[in-house]
Amino acid sequence: MQRQLITAGFFMEGLHDARPGHNVKPNYDVLIETWGQGCIELVDTLVSYVPFTTTLQEAAAMACDGNYPGVFDYEVSSGFGKWFGEYILEHGDEPSQINAHTWLITHIGAFFAQDLTEQQAENIKAAINDAFIQAMNSA
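Under my numbering, the first residue of the sequence shown carries the number 2, and numbering increases by one thereafter.
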């Protein structure tokens, strides 16, 4: 449970870093206005990806014998929140579940594959894919 709460917190940290353009400072109020569906609803929508994220994270970590090549929530969770917010700023609505899942699968895989051999990276990818299939079957 604590793992999920930390991941949710870093999703929100990243969301607050979302910006509408490269030379523009992040502005959470602009994000909420662009979203147009309420602050609580935005938080609820974003953190709904926490269980999926932790499922993939745990599968990849097990495939790496529990070795983390960095700080997962700094490098992946925060990045997801920022991407999610910037998607809303660009498109006016949340990304599709398929787009969000694709982002998470790609970035979780890349995070755990750092400094690994090609075979080890393939094992990580297979573990993530298996976890994805299990998550979809139980949804």
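C-beta atoms are modelled at their ideal positions from N, C-alpha and C, and glycine is treated no differently.
Since the model is a prediction, treat every value here as computed from it, not as a measurement.
In the structure shown, R4 adopts helical secondary structure according to DSSP, grouped into three states.
No Cβ-Cβ contact shorter than 7 angstroms links G82 with G39.
In the structure shown, the three-state DSSP call for Y75 is helix. Collapsing the DSSP output to three states places V51 in a helix. Remark: fewer than three beta-carbon pairs, one from each stretch, lie closer than 8 angstroms, so the stretch 125–135 and the stretch 76–91 are not flagged as touching.
Within the stretch 12–50, the runs of alpha helix (DSSP H) at least 4 residues long that lie entirely inside it are, in chain order, 29–36 and 40–48. Taking a contact as a CB-CB distance under 8 angstroms, the pair I89 and W36 counts as one, their CB atoms being some 5 angstroms apart.
If the five residues before and after A114 are omitted, its C-beta is found closer than 6 angstroms to the C-beta atoms of A122 and I125, all from its own chain and listed in chain order. Between T8 and T54, the C-beta gap is smaller than 7 angstroms, which places the two residues in contact.
For E34, there are no CB contacts under 8 angstroms within the same chain when 5 residues up- and downstream are skipped. For T107, the three-state secondary structure derived from DSSP is helix. Between the beta-carbon of V44 and that of M13 there is about 7 angstroms, and that keeps the pair under the 8 angstroms contact cut. Per DSSP, the continuous alpha helix (DSSP H) segment holding N124 begins and ends at E119 to S139.
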